[in-house]
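Protein chains: 2
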Amino acid sequence: MAEMKVTPWEVTGDVDYDKLRRDFGLDSIDQPLLDRIRKHTGQLHFMLRRGIFFAHRDLGWILDEYEKGNKFYLYTGRGPSGNTTIGHLIPWMFAKWLQDKFNVEMWFQITDDEKFLFKDKLSAEETHDYALENALDLIALGFDKKKTKIFIDTDYAGKLYPQAIRVAKHITFSTAKAVFGFTNETNVGSIFFTSMQAVPAFLPSVLAKKNIPCLIPLGVDQDPHFRVARDVLPKLGYNKPAIMHCKFVPGLGPGGKMSASDPNSTIYTVDTPETVKAKVNRAFTGQQATMELQKKLGGNPDVCSVCQFYRFFFEPDDKKLENIFESERDGSMMAGEHKADLTKKINAFLAEHQKKREQARKELDKWLLKD
Amino acid sequence: MAEMKVTPWEVTGDVDYDKLRRDFGLDSIDQPLLDRIRKHTGQLHFMLRRGIFFAHRDLGWILDEYEKGNKFYLYTGRGPSGNTTIGHLIPWMFAKWLQDKFNVEMWFQITDDEKFLFKDKLSAEETHDYALENALDLIALGFDKKKTKIFIDTDYAGKLYPQAIRVAKHITFSTAKAVFGFTNETNVGSIFFTSMQAVPAFLPSVLAKKNIPCLIPLGVDQDPHFRVARDVLPKLGYNKPAIMHCKFVPGLGPGGKMSASDPNSTIYTVDTPETVKAKVNRAFTGQQATMELQKKLGGNPDVCSVCQFYRFFFEPDDKKLENIFESERDGSMMAGEHKADLTKKINAFLAEHQKKREQARKELDKWLLKD
Numbered sequence: 001m002a003e004m005k006v007t008p009w010e011v012t013g014d015v016d017y018d019k020l021r022r023d024f025g026l027d028s029i030d031q032p033l034l035d036r037i038r039k040h041t042g043q044l045h046f047m048l049r050r051g052i053f054f055a056h057r058d059l060g061w062i063l064d065e066y067e068k069g070n071k072f073y074l075y076t077g078r079g080p081s082g083n084t085t086i087g088h089l090i091p092w093m094f095a096k097w098l099q100d101k102f103n104v105e106m107w108f109q110i111t112d113d114e115k116f117l118f119k120d121k122l123s124a125e126e127t128h129d130y131a132l133e134n135a136l137d138l139i140a141l142g143f144d145k146k147k148t149k150i151f152i153d154t155d156y157a158g159k160l161y162p163q164a165i166r167v168a169k170h171i172t173f174s175t176a177k178a179v180f181g182f183t184n185e186t187n188v189g190s191i192f193f194t195s196m197q198a199v200p201a202f203l204p205s206v207l208a209k210k211n212i213p214c215l216i217p218l219g220v221d222q223d224p225h226f227r228v229a230r231d232v233l234p235k236l237g238y239n240k241p242a243i244m245h246c247k248f249v250p251g252l253g254p255g256g257k258m259s260a261s262d263p264n265s266t267i268y269t270v271d272t273p274e275t276v277k278a279k280v281n282r283a284f285t286g287q288q289a290t291m292e293l294q295k296k297l298g299g300n301p302d303v304c305s306v307c308q309f310y311r312f313f314f315e316p317d318d319k320k321l322e323n324i325f326e327s328e329r330d331g332s333m334m335a336g337e338h339k340a341d342l343t344k345k346i347n348a349f350l351a352e353h354q355k356k357r358e359q360a361r362k363e364l365d366k367w368l369l370k371d
Numbered sequence: 372m373a374e375m376k377v378t379p380w381e382v383t384g385d386v387d388y389d390k391l392r393r394d395f396g397l398d399s400i401d402q403p404l405l406d407r408i409r410k411h412t413g414q415l416h417f418m419l420r421r422g423i424f425f426a427h428r429d430l431g432w433i434l435d436e437y438e439k440g441n442k443f444y445l446y447t448g449r450g451p452s453g454n455t456t457i458g459h460l461i462p463w464m465f466a467k468w469l470q471d472k473f474n475v476e477m478w479f480q481i482t483d484d485e486k487f488l489f490k491d492k493l494s495a496e497e498t499h500d501y502a503l504e505n506a507l508d509l510i511a512l513g514f515d516k517k518k519t520k521i522f523i524d525t526d527y528a529g530k531l532y533p534q535a536i537r538v539a540k541h542i543t544f545s546t547a548k549a550v551f552g553f554t555n556e557t558n559v560g561s562i563f564f565t566s567m568q569a570v571p572a573f574l575p576s577v578l579a580k581k582n583i584p585c586l587i588p589l590g591v592d593q594d595p596h597f598r599v600a601r602d603v604l605p606k607l608g609y610n611k612p613a614i615m616h617c618k619f620v621p622g623l624g625p626g627g628k629m630s631a632s633d634p635n636s637t638i639y640t641v642d643t644p645e646t647v648k649a650k651v652n653r654a655f656t657g658q659q660a661t662m663e664l665q666k667k668l669g670g671n672p673d674v675c676s677v678c679q680f681y682r683f684f685f686e687p688d689d690k691k692l693e694n695i696f697e698s699e700r701d702g703s704m705m706a707g708e709h710k711a712d713l714t715k716k717i718n719a720f721l722a723e724h725q726k727k728r729e730q731a732r733k734e735l736d737k738w739l740l741k742d
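Note that the protein sequences, when read in sequence, are chains A and B. Mind the numbering: the first sequence is residues 1 to 371 in the numbering used here, read in order. Mind the numbering: the second sequence is residues 372 to 742 in the numbering used here, read in order.
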């Protein structure tokens with residue numbers, strides 16, 4: 001196995017989620033917790049049933065508060081280094097489900113400053129352009145406009161920076177170095193940045209002049225930011241935010257996270273039907289080398305990127321998913337058919353999504369918070 | 372001599388300005404340069420005649436551009452860690468003279484973020500309160516409202532932060548450490564801060580969408596910030612700012628800078644006449660231990676804080692200043708009379724200044740730039 005490395009800016013190697021949970025000190029989302037959630041949501045989202053959201057911090061406390069009538073708000077975000085991928089939509093769709101079921105506000109941060117500071121080749125104009133494009137994808141998912149605040153860091157810095165320095169005063173370079181692996185050659189903006197990402201975890205409390213619990217659904221690679229924020233926020237008089245951690249959707253190649261920077265490993269929300277078809281046709285499956293061997297021995301859905309796309313996104317129905325997995329295992333489904341089916345599913349989703357994206361473009365200005 | 376240490380946050384030891392100029396790599400404001408300035412200003416400000424502004428970077432270039440019809444703007448500022456002192460007014464008064472003589476804009480930054488980040492005991496509310504109070508002193512000096520922009524960092528972060536990250540991307544922790552003496556225990560906001568102080572050196576160029584030369588009159592302790600900024604700005608397509616460096620007004624005790632944090636060494640603009648009298652009465656003079664010895668041997672105006680207050684601020688007329696110095700040297704002026712005269716001068720200035728300060732309070736909101 002390639003050695004696992006998971007930071008907010010790099011995920012490499014074979015990700016062992018049990019080890020990651022232990023390394024990061026996360027709690028499991030276990031059956032009693034799932035039962036507790038179900039009491040409020042009626043049924044469980046497939047990402048909970050399937051362990052795609054697999055770990056948490058203080059989720060029990062969020063439910064305690066909710067049950068006492070003290071509503072939380074949701075906070076998640078996006079680092080706009082490129083176009084949105086299917087993988088990015090996963091925690092957002094889950095967040096939308098939480099918004100609907102608990103009837104709560106969602107604060108969505110788009111960190112164009114981060115991507116500008118951490119990516120040598122990206123200009124401030126490019127990261128801001130991607131930020132606007134990425135916002136369209138969020139809106140297209142159908143969030144409740146009255147309860148959803150979207151903001152791009154460089155357009156909302158007047159609100160964010162004065163709070164970020166309150167966080168920054170409590171973070172030494174030593175801490176930032178230990179948590180994020182910075183060196184003496186890291187630029188001073190990158191070193192400061194985690195303070196900006198901490199702000200939405202308490203800004204609604206600042207504005208409301210009372211403590212409001214915060215729940216952050218995120219990709220597990222973002223946890224280090226909030227490990228730091230959870231240390232600092234109580235020193236400023238705010239609650240530690242609770243977190244729900246999501247696994248990475250596998251890329252279309254074997255192993256690893258779907259990466260926005262490897263265009264072949266990933267489906268973008270703006271891909272054409274032809275591009276989707278070509279990418280899926282090249283995808284790694286769990287099947288045998290020949291049709292005959294596949295019919296005889298069957299394949300392995302757990303390492304099959306086509307099966308995993310169904311599991312993470314395109315087949316919410318557990319029974320139908322099991323049928324797909326079984327047809328991979330028992331050798332009855334050939335790779336070509338398998339891929340053609342997925343292509344159809346993805347393209348149907350994207351046709352609809354792209355339509356909503358363009359509708360969102362017209363009203364984008366009304367969604368974005370600005371100074 | 373106590374070893375000299377001059378950083379933006381600490382000035383200790385006996386300041387040797389020649390050594391400082393060599394260490395920092397500054398040029399002298401020499402006679403040819405003074406003559407060139409005089410061509411435009413008619414006569415020279417006493418702070419130039421007396422070498423209070425003693426060093427520069429690229430001042431010749433600023434005059435070249437001005438003579439070609441390409442006007443510069445002025446930029447200076449204040450770190451609001453307490454009330455304004457007489458010492459703070461010195462570069463501001465000089466900047467006002469430049470504004471009047473060259474008919475140019477002045478951008479004035481009040482870095483409440485800096486003082487909050489660097490001073491453990493100051494809260495964000497306190498530094499913002501001081502910022503407002505300090506702004507009154509600037510306005511009271513009579514700057515041209517149409518040509519003067521005052522902004523407090525946390526109120527103007529929406530404009531500053533998006534530009535600051537462009538600077539920050541070019542500054543590594545190594546550089547910040549070498550220039551400012553940071554350690555691994557420095558907080559990440561302090562490490563980032565110099566990027567915020569760099570912004571007004573090019574923000575007017577960003578807003579005007581063309582390069583406008585920038586001239587920064589400042590206390591020489593602030594030079595390190597602009598050493599860094601001068602490295603970075605050309606990489607962003609902007610000019611290096613020019614700088615004029617000012618000496619520190621001596622404190623009322625022997626040696627050292629007038630320090631806002633040592634209330635007895637300094638006169639605040641809000642001091643009452645009684646307080647001024649008491650402070651000046653305790654001041655260190657260059658006189659002998661007894662009246663008889665003073666009459667016989669005379670004193671040393673160069674180390675006399677009373678004489679130096681006249682030289683830096685309260686006696687712009689060179690002949691009158693020479694008379695004061697001579698009466699100290701020849702033993703004809705006794706310490707008591709000397710101090711009573713200065714007290715009268717200071718209190719006359721403050722009475723007028725405090726009146727203008729309170730007038731400024733009423734219109735403060737109209738002066739401050741906000742996001």
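The C-beta atom is built at its ideal place from N, Cα and C for all residues, glycine as well. Please read these numbers as outputs of a predicted model, since none were measured by experiment.
7 Å CB neighbourhood of residue i in its chain, flanking five on each side removed
i                      : result
residue 160 of chain A : 153, 196, 199
residue 698 of chain B : 704
residue 716 of chain B : 685
residue 466 of chain B : 445, 447, 477, 588
residue 9 of chain A   : 118
Integer-rounded CB distance, given that residue j should sit under 8 Å from residue i
i                      : j                      : result
residue 56 of chain A  : residue 243 of chain A : 6 Å
residue 114 of chain A : residue 79 of chain A  : 5 Å
residue 695 of chain B : residue 457 of chain B : Not really, about 17 Å apart at Cβ, beyond 8 Å.
residue 670 of chain B : residue 656 of chain B : 7 Å
is_contact[residue i, chain B] using C-beta, thresh 7 Å
i                      : result
residue 157 of chain A : yes
residue 162 of chain A : yes
residue 325 of chain A : no
residue 269 of chain A : no
residue 340 of chain A : no
residue 185 of chain A : yes
Beta-carbon spacing of residue i, residue j below 7 Å
i                      : j                      : result
residue 511 of chain B : residue 719 of chain B : no
residue 489 of chain B : residue 495 of chain B : no
residue 654 of chain B : residue 623 of chain B : yes
residue 521 of chain B : residue 738 of chain B : yes
residue 544 of chain B : residue 186 of chain A : yes
residue 101 of chain A : residue 41 of chain A  : yes
residue 573 of chain B : residue 562 of chain B : no
Any chain A beta carbon closer than 7 Å to residue i
i                      : result
residue 536 of chain B : yes
residue 572 of chain B : no
residue 474 of chain B : no
residue 488 of chain B : yes
residue 540 of chain B : yes
residue 742 of chain B : yes
residue 431 of chain B : no
residue 484 of chain B : yes
residue 466 of chain B : no
residue 329 of chain B : The structure shown does not extend to residue 329 of chain B, since chain B is modelled only from 372 through 742, so no value can be given for it.
Residues near residue i in its chain [Cβ-Cβ closer than 8 Å; skip 5 each side]
i                      : result
residue 228 of chain A : 171, 175, 176, 179, 194, 198
residue 371 of chain A : 155, 156, 157, 158, 159
Residue i in three-state terms, based on DSSP
i                      : result
residue 653 of chain B : coil
residue 418 of chain B : helix
residue 148 of chain A : strand
residue 381 of chain B : strand
residue 585 of chain B : strand
residue 240 of chain A : coil
residue 426 of chain B : strand
residue 726 of chain B : helix
residue 187 of chain A : strand
residue 130 of chain A : helix
residue 323 of chain A : helix
residue 542 of chain B : coil
Contact test: residue i Cβ vs the ligand COA heavy atom, cutoff 6 Å
i                      : result
residue 411 of chain B : With respect to the ligand COA, the structure offers nothing, as it holds no ligand at all.
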